[in-house]
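If you count the sequence shown from 1, position 89 lands on 130 in our numbering, and the numbers rise without skipping.
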Amino acid sequence: MRTFILLSALPGSGKSTWARHYKDTHENTFIVSSDEVRKRIAGSLSKFNKEKEVWDTFLDDINSYAEKYEDVTVIGDATNLQNKYRKYYCEMTPGFDRHVLVYLDIPYEICLVQNKMREGDRVVPEKAMENLRSELEPVSEEVKSMYDEYIVLGPDFVSPLIKKIRES
Numbered sequence: 042m043r044t045f046i047l048l049s050a051l052p053g054s055g056k057s058t059w060a061r062h063y064k065d066t067h068e069n070t071f072i073v074s075s076d077e078v079r080k081r082i083a084g085s086l087s088k089f090n091k092e093k094e095v096w097d098t099f100l101d102d103i104n105s106y107a108e109k110y111e112d113v114t115v116i117g118d119a120t121n122l123q124n125k126y127r128k129y130y131c132e133m134t135p136g137f138d139r140h141v142l143v144y145l146d147i148p149y150e151i152c153l154v155q156n157k158m159r160e161g162d163r164v165v166p167e168k169a170m171e172n173l174r175s176e177l178e179p180v181s182e183e184v185k186s187m188y189d190e191y192i193v194l195g196p197d198f199v200s201p202l203i204k205k206i207r208e209s
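What follows is the structure, encoded as structure tokens:
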């Protein structure tokens, strides 16, 4: 079975941490990260001068796994803050048998603290965090109905997962 998991949350919510943990505990799982695609194409996480190419490549990379493997899980690691993006990635990944939306419902204050714990250009400037916060939409019923599974992770997920990862 080909499964696509789309992550949706603010920066600093734990999306990448969740994705790495999932990958480590599930065989045949790959992560396509918009940050890593941007770094590969633009040379830095903080360069936004090639966004069309970044997002086209992000989608192409996701779909390439469905073409290569019969049994695979691919995690799309990006903010996907608006319903139009959540719909888009569900519609534009027809090679997958199953679509899962994972929404990390983490309070903004926790995202800010965790964002500041990042290193180098992974830290999102506070003004950008505010802008992203204003873009965040609740997941609509229409979007929920498009996915085979809709998972909400709240703040309880953050502390135990981070603790477990730091202990290992």
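The beta-carbon is built from N, C-alpha and C at its ideal position, and this holds for glycine as well.
Where residue i sits in the DSSP three-state scheme
i: His140; result: strand
i: Leu153; result: helix
i: Glu68; result: coil
i: Arg163; result: helix
Same chain, Cβ closer than 6 Å to residue i, neighbours up to 5 away in sequence not counted
i: Tyr191; result: Leu142, Lys185
i: His140; result: Phe45, Cys131, Tyr188, Asp189
i: Ile116; result: Ile46, Ala60, Ile72
i: Ser181; result: Asn124
i: Leu122; result: Glu176, Leu177
Residue j beta carbon less than 8 Å from that of residue i
i: Asp112; j: Asn69; result: yes
i: Thr120; j: Leu173; result: yes
i: Gly136; j: Ala107; result: yes
i: Glu126; j: Arg43; result: Here the sequence assigns Tyr to residue 126, which means Glu is not the residue at that position. Against a cut-off of 8 Å, the Cβ pair of Arg43 and Tyr126 comes out as no contact.
Other residues of its chain near residue i: CB distance less than 7 Å, five sequence neighbours each side excluded
i: Val193; result: Tyr144, Asp146
Distance cut-off 7 Å: residue i Cβ against heavy atoms of the ligand MN
i: Leu122; result: This structure simply doesn't include the ligand MN, nor any ligand for that matter.
Segments of 4+ residues assigned as alpha helix (DSSP H) that fall wholly inside the segment 175-204: 182-187
Cβ contact check for the segment 43-57 and the segment 142-161: 3 or more pairs under 8 Å: yes
Length at least 4, wholly inside the segment 50-125: the alpha helix (DSSP H) runs in chain order: 56-66, 75-83, 92-109
At least 3 beta-carbon pairs within less than 8 Å: the segment 155-163 vs the segment 61-74: no
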